[in-house]
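Trainee: Residue numbers (the working numbering): 6 to 91.
Below: one structure in structure tokens.
This is the structure:
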């Protein structure tokens, strides 16, 4: 078996730091959904757990906003119909 040349350093792939999927990424994604979406798209292969948390935070934020605006719209319709009868 041939020996490597003197001074040869075998190359090992760089190890990624531990991907813990911190709850903080979900909070960031919730309060700033665009950042959560961008982090999800950038990290989906490198840090899948953190990417999932950031993406879920952004998704929950968008769903909450849609429900909130729909509720406000329904309340406004009810108020307008009640006011028109006077």
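Note that beta-carbon positions come from the ideal geometry of N, C-alpha and C, so glycine has one too.
Given the structure is predicted, the values throughout are model-derived calculations rather than measurements.
If you compare alpha carbons, which of 58, 25, 73 and 66 is closest to residue 36?
Mentor: Sequence index remark: in the chain shown, residue 36 carries index 31 (1-based). The shortest C-alpha separation from residue 36 is found at 66.
Trainee: Using the three-state DSSP reduction, which class does residue 40 fall into: helix, strand or coil?
Mentor: Here residue 40 refers to the residue found at position 35 of the chain shown. It is helical.
Trainee: Are the CB atoms of residue 63 and residue 22 nearer to each other than 8 Å?
Mentor: Residue 63 sits at position 58 when you count from the first residue of the chain shown. Residue 22 sits at position 17 when you count from the first residue of the chain shown. Not a contact, by the Cβ cut-off of 8 Å.
Trainee: Run the CB neighbour count on residue 41, radius 10 Å, all protein chains shown included, and call it buried at 16 or more, exposed below.
Mentor: Within the chain shown, residue 41 is the residue found at index 36, counting from 1. So residue 41 ends up on the buried side.
Trainee: How many angstroms separate the CA atom of residue 51 from the CA atom of residue 43?
Mentor: In the chain shown, the residue the question calls residue 51 occupies position 46. In the chain shown, the residue the question calls residue 43 occupies position 38. Approximately 13 Å between the Cα atoms of the pair.
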